[in-house]
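Q: Sharing a structure here in structure tokens format.
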Amino acid sequence: QVQLVESGGGLVQPGGSLRLSCAASGTIFSFYTMGWYRQAPGKQRELVASITNSNTNYADSVKGRFTISRDNAKNTVYLYLQMNSLKPEDTAVYYCNARRPPATPWWGQGTQVTVSS
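Mapping of the sequence shown onto our numbering: residues 100 to 216, in sequence order.
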């Protein structure tokens, strides 16, 4: 059974930090491009950052503040997003994603991040 389970969201003040985690299991996710997406109320879901086994990619809005990383363990891939210098505009539901075209991508259930004083 494929599962992507996120954790680590919460409420943080502007300028603060959070670390999101995602545990992906049930198939060989070590071959997948993994990523974090977010969706704010009334907006489309957008890519925040993605990572292969050799490259990373970031949205311009988070470059220099967020860091994506992964750990390809034996049966589970762990995906992380270290978020520093958080801004109110970072408030959104953050989703873990795994993709390997042409297969259908996998999504986690989402974790809420709220940046507010």
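Note that beta-carbon positions come from the ideal geometry of N, C-alpha and C, so glycine has one too.
From a predicted model like this one, the values you see are computed outputs, not experimental measurements.
1. Spell out a yes or no on whether the segment 151–162 and the segment 204–211 are touching, meaning 3 or more CB-CB pairs, one atom from each, closer than 8 Å.
2. Does the separation of the CB atoms of V176 and L117 fall below 8 Å?
3. Is the Cβ-Cβ distance between M182 and R169 less than 8 Å?
4. With DSSP as the reference, identify every bridge partner of T219, one or two as the case may be.
5. Taking G109 as part of the beta strand (DSSP E), name the residues at either end of that continuous run.
6. Which residues does DSSP list as the beta-bridge partners of T132?
7. Could you round the C-beta distance between D137 and Y179 to whole angstroms and report it? I think they count as a contact, below 8 Å.
8. Does the beta-carbon distance from A197 to L103 come in below 8 Å?
9. Per the DSSP calculation, S106 is bridged to which residue(s)?
A: Here's the rundown:
1. no
2. For V176 and L117, no; Cβs fall outside 8 Å.
3. no
4. The first residue shown for the chain is 100 and the last is 216, placing residue 219 beyond what the model contains.
5. In the DSSP annotation of this structure, the continuous segment of the beta strand (DSSP E) that includes G109 starts and ends at 109–111.
6. For T132, which the question treats as bridged, DSSP gives the partners R198.
7. Contrary to the premise, residue 137 reads as Arg rather than Asp in this sequence. Rounded, the Cβ-Cβ distance is 15 Å, inconsistent with contact.
8. yes
9. S120
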